[in-house]
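The structure appears below as structure tokens.
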Amino acid sequence: MKASFKINRFNKLVAKECKESLPIVLKMAMILSIVLIGTWLVSMLTSGSVSADARYGIIKTGMYISMFLFPFVIYKYVNGKKAGVDYAMLPVSGEEKFLSMIIVSSLFSPVVILITTIFTDVVLASVSSQIFTGQITGTNNFFANLPSDLLDMLLLQTYAIFGNLFFLHNKAIKTLLWMLVINIAIGMMVLISIKYMFDVPAFENNSFSLGVGQSVTINGHKYLQGMSPAFDNLMTFIKILMFIIMPLALVVGSYFRLKTQKY
Amino acid sequence: MVSIENLSFNYSRHIVFKEVTMKLEEGKIYGLLGQNGVGKTTLLKIISGLLKPQNGKVDVLGHNPYERDPEFLSDIYFLPEEVRTPDIKVRDYALSRGQFYPKFDIAQFERLLADFDVCGDIKFNALSYGQQKKAMIAFALSVNTSLILMDEPSNGLDIPSKTQLRKVIAQSSNDNVCIVISTHQVRDLENLIDPIIILDRNAVLMNASIDEISEKLFFGFSDKENKDALYSEMTLGGYLSVEENTMNKESKVNIEALFNATLYNKDKVKQLFTK
């Protein structure tokens, strides 16, 4: 009988991949810690101070970048015609490989980076509370924003995982371009829908911004939820599309890409 | 062990195999020969499930290889020509991968490393290409899978290592194992590979044991060139020729001459060995 998922085999795989990716993840954590130390040094030299909220912003930005880059640096080889053979021939199932990839990219690596950078920040804030004012974990923002920020990072990572499996070269750049194309396409869709919904006269010299699922601003005119049932439906559709359909499609697509990859 | 029926495969417009049929059995060390680009690596990749055939049936160890079931993967090892390894110690590599192969033997791996004179405590990136290759050959043989596929294993090895390679492959061979070695360098593996498979564009020209070959072909030396021979070349010891063995004479198969004779007389050889 075929057994595509065996917990013992899966545990071994996760342990192996965590162990092999740890040096790379630690390097990225070190870079982020160096950024914090650099900020601390500059503030010390300029007799300035950095609030906990500002430092949270630095860590959050670093985390966004790291989360996007994890699949490209840890699993860059998986679809390589030559480099990917070792991975493809490993006696574990596609399901186990994919789940392990998700765990390492979306759980293990961010946790290592978060712990390392928060530890660095706590140490620096403890050493000189006048430079790094307040503890980052002591702010309300930290616990209030972290879960939703992490969720956003995970959504971003679904694009990176897919791009890493789909593209062979210049994976990160191509993924960013591809994300840009998707966002432009969604923006265009919203713009055209609103044009017909509110009978907007002309689309020349437009400025346009879309607050996902909440508001749309065209030429300074803000369209908010509650303005019309059709607009509310459009916003709900955009939310479902960007937060449910797209990530799910990317995850499912990534899984099948990995399973059917040819070398 | 491996059954291929009517296999067709192409890379976009380039046809590699067209309705190829062959069988590989356990207890043998197959030598897979062919000119550049005839599909030796492609065939190994199809058998190992890295490529999907467009048509035909491929059955390896009772599995469809392209499904890449863990049970299938744990009983087959494919050693590519160009090895790419993570930057970890050789022993760590073997232990981390070996745990997924039920018959992996770490003591055997250490023995083979010692035979090849490779240190297991060094990271792959600190080893030369030849040493990396030897470490990977040691791993390939110590996982003890039923099917071992090796693509140009002697490439990048020095002369003593090639001798060692022949020795360790011969030692690893038993009645339950099938080893397929694709190579350009037939002299490196002479006296080891039997049967011989010769691939040509789109087809298999020959899949025959050394006994069958010497039964059907005669390899001999003479002072004069034999114009009727399938193949003849001037060597230091005179003219080496390959002829049809109509007199049932015994001779030692020269694989390089066999390969050349087959290339120059494709139809004739194919006809001889499909009788």
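Listed in order, the protein sequences are those of chains A and B. Mapping to the numbering used here: the first sequence position 106 is 106, numbers consecutive. Mapping to the numbering used here: the second sequence position 260 is 1260, numbers consecutive. Cβ atoms here follow ideal geometry from the backbone N, Cα and C, with glycine treated the same way.
Measure how close the beta-carbons of residue i and residue j come, nearest whole angstrom, since I'm counting them as under 8 Å.
i, j, result
"S228 (chain A)", "K222 (chain A)", "Their Cβ separation, rounded to whole angstroms, is 14 Å, which puts S228 (chain A) and K222 (chain A) out of contact at 8 Å."
"E1243 (chain B)", "D1228 (chain B)", "7 Å"
"M1022 (chain B)", "N1174 (chain B)", "The Cβ separation is near 22 Å, so there is no contact."
"K1057 (chain B)", "E1005 (chain B)", "5 Å"
"V252 (chain A)", "T158 (chain A)", "Wrong, their Cβ atoms sit about 10 Å apart, outside the cutoff."
"I1047 (chain B)", "L1149 (chain B)", "6 Å"
"V1143 (chain B)", "F1104 (chain B)", "5 Å"
"V1269 (chain B)", "A1257 (chain B)", "About 12 Å; that fails the 8 Å criterion."
Mapping DSSP to helix, strand and coil, what is residue i?
i, result
"G94 (chain A)", "helix"
"E1071 (chain B)", "helix"
"C18 (chain A)", "helix"
"E1005 (chain B)", "strand"
"D121 (chain A)", "helix"
"L1032 (chain B)", "strand"
"Y64 (chain A)", "helix"
"D1200 (chain B)", "strand"
"M1247 (chain B)", "coil"
"I1179 (chain B)", "strand"
"E1019 (chain B)", "strand"
"Y1101 (chain B)", "coil"
"E1081 (chain B)", "coil"
"T158 (chain A)", "helix"
"Y255 (chain A)", "helix"
"F166 (chain A)", "helix"
"T46 (chain A)", "coil"
"I1211 (chain B)", "As written in the sequence, residue 1211 (chain B) is Asp, which differs from the Ile given in the question. Reduced to three states, the DSSP call for D1211 (chain B) is helix."
"Y75 (chain A)", "coil"
"L1157 (chain B)", "coil"
"S228 (chain A)", "coil"
"S1142 (chain B)", "helix"
"G1237 (chain B)", "coil"
"K81 (chain A)", "coil"
"L1051 (chain B)", "coil"
"N140 (chain A)", "helix"
Tell me which same chain residues have a C-beta within less than 7 Å of the C-beta of residue i, skipping the five on either side of it?
i, result
"I103 (chain A)", "V14"
"D1087 (chain B)", "K1123, F1124 and N1125"
"N1010 (chain B)", "V1016 and Q1054"
"N1254 (chain B)", "F1219 and L1240"
"G163 (chain A)", "K171, K174, T175 and W178"
"Y77 (chain A)", "A83, G84 and Y87"
Buried or exposed: which applies to residue i, given that a residue is buried once 16 or more other Cβ atoms fall within 10 Å of its Cβ?
i, result
"P1053 (chain B)", "buried"
"G1039 (chain B)", "buried"
"S1154 (chain B)", "buried"
"A88 (chain A)", "buried"
"M67 (chain A)", "buried"
"Q1131 (chain B)", "buried"
"P147 (chain A)", "exposed"
"N79 (chain A)", "buried"
"E17 (chain A)", "buried"
"V111 (chain A)", "exposed"
"I74 (chain A)", "buried"
Residues in the same chain with beta-carbon distance under 6 Å from residue i, minus the five sequence neighbours each way, listed in chain order, please.
i, result
"L155 (chain A)", "P247"
"L1263 (chain B)", "none"
"F237 (chain A)", "none"
"D1059 (chain B)", "S1003"
Taking the Cβ atom as the reference point for each residue, do residue i and residue j lie within a distance shorter than 8 Å?
i, j, result
"S1003 (chain B)", "F1017 (chain B)", "no"
"N1265 (chain B)", "L1230 (chain B)", "yes"
"I37 (chain A)", "L124 (chain A)", "yes"
"A1138 (chain B)", "L1157 (chain B)", "no"
"I161 (chain A)", "A29 (chain A)", "no"
"V181 (chain A)", "L210 (chain A)", "no"
"I1029 (chain B)", "L1192 (chain B)", "yes"
"S1214 (chain B)", "S1251 (chain B)", "yes"
"A52 (chain A)", "Q135 (chain A)", "yes"
"L224 (chain A)", "T117 (chain A)", "no"
"F72 (chain A)", "K171 (chain A)", "yes"
"D1151 (chain B)", "L1051 (chain B)", "no"
"S21 (chain A)", "S106 (chain A)", "no"
"L90 (chain A)", "R1097 (chain B)", "yes"
"Q1271 (chain B)", "K12 (chain A)", "no"
Once the 5 residues before and after residue i are set aside, which same chain residues still bring their CB inside 8 Å of it?
i, result
"S1146 (chain B)", "M1001, E1026, L1061, D1075, I1076, N1176, V1177 and C1178"
"F98 (chain A)", "S254, Y255, L258 and K259"
"L1032 (chain B)", "K1040, L1043, L1044, V1180, I1181, S1182, T1183, I1197 and L1199"
"F1259 (chain B)", "L1033, V1186 and I1198"
"F132 (chain A)", "W40, S43, S49, V50, A52, R55, D121, L124 and A125"
"T139 (chain A)", "A52, D53 and Y56"
"S1232 (chain B)", "E1225, N1226, Y1239, L1240, S1241 and V1242"
"M1136 (chain B)", "L1079, V1083 and T1085"
What do you reckon, is the C-beta of residue i under 7 Å from a heavy atom of the ligand MG?
i, result
"F1100 (chain B)", "Among the components of this structure there are no ligands whatsoever, and the ligand MG is therefore not found."
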